[in-house]
Amino acid sequence: QSSVLNEDFEALLRIFCIQSNICFESRGYFKQTTNLLLSCVFPVALDDDKIVGGYECQAHSQPHQVSLNSGYHFCGGSLVNENWVVSAAHCYKSRVEVRLGEHDIYRNEGTEQFISSSRVIRHPNYNSWNIDNDIMLIKLSKPATLNSYVQPVALPTSCAPAGTMCRVSGWGNTMSSVSGDQLQCLEIPILSTRDCENSYPGMITDAMFCAGYLEGGKDSCQGDSGGPVVCNGQLQGVVSWGYGCAERDHPGVYAKVNLKKQH
Numbered sequence: 001q002s003s004v005l006n007e008d009f010e011a012l013l014r015i016f017c018i019q020s021n022i023c024f025e026s027r028g029y030f031k032q033t034t035n036l037l038l039s040c041v042f043p044v045a046l047d048d049d050k051i052v053g054g055y056e057c058q059a060h061s062q063p064h065q066v067s068l069n070s071g072y073h074f075c076g077g078s079l080v081n082e083n084w085v086v087s088a089a090h091c092y093k094s095r096v097e098v099r100l101g102e103h104d105i106y107r108n109e110g111t112e113q114f115i116s117s118s119r120v121i122r123h124p125n126y127n128s129w130n131i132d133n134d135i136m137l138i139k140l141s142k143p144a145t146l147n148s149y150v151q152p153v154a155l156p157t158s159c160a161p162a163g164t165m166c167r168v169s170g171w172g173n174t175m176s177s178v179s180g181d182q183l184q185c186l187e188i189p190i191l192s193t194r195d196c197e198n199s200y201p202g203m204i205t206d207a208m209f210c211a212g213y214l215e216g217g218k219d220s221c222q223g224d225s226g227g228p229v230v231c232n233g234q235l236q237g238v239v240s241w242g243y244g245c246a247e248r249d250h251p252g253v254y255a256k257v258n259l260k261k262q263h
C-alpha cells in the first residue's frame with residue numbers, strides 16, 4: 001500500500017523489513033530466517049544487471065520509472081509516492097539527481113522533472129559482498145509534480161508466484177555494449193526458487209528472486225540496476241545482479257520489495 005510510504009521516516013523504513021516479510025512461491029521463507037553461512041559464499045564477478053532482447057517502451061508508458069543521474073545516467077529507480085524513490089543499494093551515492101518524466105534521456109522532451117535528493121538510505125542490512133538486501137530509498141528534496149508523465153507505482157500487497165509475467169524497464173545496455181537513449185521494456189517470467197538456486201548455487205538469499213529465460217537471449221543489463229520489476233501493476237522487485245547479460249542458465253537476479261507479512 002503506497003500509503004505506508006509517508007512523511008514519517010520510521011514508517012517508511014518498513015520497506016526495509018525484508019527478513020520478516022519474505023514469501024516466494026511455495027518455500028514459505030516467511031516462516032523462518034534462513035541461516036546460511038553467507039560468509040562462506042566465495043566472491044565472484046557479479047555484473048550490475050542490465051535490457052537485452054527487449055523493445056522501446058511506448059513513450060511515457062512507465063511514468064514511475066526514474067533515471068538516477070550524477071552527471072550521467074548510472075541507475076534506474078521507481079517513484080513510489082511524490083516524495084520517495086526506491087532503487088538498488090549498490091547504486092548508492094550520497095547525492096544524486098533524480099530525473100522523472102523521461103523517455104529519451106539525451107533529449108529535452110519538455111516532460112522532465114529534475115529533483116535532487118535530500119536523503120539517500122541503503123537497507124541497514126545491505127551486504128555488498130553477496131548483494132543481499134539490495135534496496136535503497138531516496139528522499140526527494142521537493143515533492144514531484146504528479147501528472148500523466150510522472151506517476152508512482154503501487155507497492156506489493158502480496159508476493160507474485162513463479163510464472164507471473166512482469167515488466168522490467170531501463171536505459172541500460174541493449175547488447176551488452178551499447179547504451180539505449182530511449183527507455184527499453186521487456187516482459188519476463190518469475191522463475192521458481194529451484195530454478196533460481198540451480199542457476200546460482202549457494203548465492204540466492206531470501207531477499208532475492210530470479211526472473212527471465214533460462215535459454216538466455218533476454219535480460220536486464222548494465223545501467224538498468226535499481227530499475228523496476230512490475231508485476232500486475234505492483235513493484236515486486238528492483239534490478240540487482242547477474243552473470244553477464246542474457247546468458248544461458250544465468251537469469252537476472254532481483255531484490256524483493258515486500259512490505260507486510262503475508263501469513
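Here full-length UniProt numbering is used: the first residue of the sequence shown is 1, the next is one more, and so on. Every residue, glycine too, gets a C-beta built ideally from N, C-alpha and C.
Between the Cα of residue i and the Cα atoms of the options, which residue gives the shortest distance?
| i | options | result |
| --- | --- | --- |
| PRO159 | SER199, TRP129, CYS231 and GLU82 | According to the sequence as given, residue 159 is Cys; it is not Pro. The shortest C-alpha separation from CYS159 is found at CYS231. |
| VAL86 | PRO251, HIS123, ALA211 and GLY252 | HIS123 |
| HIS60 | ILE105, GLY53 and SER94 | ILE105 |
| ILE208 | MET136, ALA255 and ARG194 | Before going on, a small fix: residue 208 reads as Met here, not Ile. Checking every option, the nearest Cα to that of MET208 belongs to ALA255. |
| GLY212 | ILE188, PRO161, TYR243 and SER141 | ILE188 |
| THR205 | ASP132, PRO161 and GLU102 | ASP132 |
With C-beta atoms as the reference, is residue i less than 8 Å away from residue j?
| i | j | result |
| --- | --- | --- |
| GLU97 | PRO143 | no |
| ASP134 | SER240 | yes |
| SER192 | CYS91 | no |
| ALA88 | VAL238 | yes |
| VAL168 | PRO228 | yes |
| ILE121 | GLY163 | no |
| residue 264 | ARG248 | Residue 264 lies beyond the residue range present for the chain, which begins at 1 and ends at 263; the question has no answer from this structure. |
| CYS166 | GLN58 | no |
| TYR149 | THR111 | yes |
| ARG107 | ASN69 | no |
Since residue i and residue j are thought to touch, with beta carbons under 8 Å apart, how far apart are those beta carbons, to the nearest angstrom?
| i | j | result |
| --- | --- | --- |
| ILE138 | TRP84 | 7 Å |
| THR157 | GLN234 | 7 Å |
Margin query: Does the structure place the stretch 137 to 153 close enough to the stretch 77 to 84 that three or more beta carbon pairs sit under 8 Å?
Written below: They touch, by the three-pair rule.
Next item on the list: Spell out a yes or no on whether the stretch 63 to 70 and the stretch 119 to 132 are touching, meaning 3 or more CB-CB pairs, one atom from each, closer than 8 Å.
Entry: Segment contact: the stretch 63 to 70 against the stretch 119 to 132, fewer than three CB-CB distances shorter than 8 Å; contact not assigned.
Next item on the list: Take every Cβ of the stretch 114 to 122, pair it with every Cβ of the stretch 183 to 192, and state whether three or more of those distances are shorter than 8 Å.
Entry: Cβ pair count under 8 Å is below three, so no.
Note to self: Suppose only complete runs of 3+ residues qualify. What are the beta strand (DSSP E) ranges in the stretch 88 to 164, listed by chain order?
What the structure shows: Within the stretch 88 to 164, the complete beta strand (DSSP E) runs of at least 3 residues are 97 to 100, 113 to 122 and 136 to 140.
Next item on the list: For the stretch 188 to 240, list the alpha helix (DSSP H) runs that are entirely contained and at least 4 residues long, ordered along the chain.
Entry: Every unbroken stretch of the alpha helix (DSSP H) spanning 4 or more residues and falling wholly within the stretch 188 to 240 is given here in chain order: 193 to 199.
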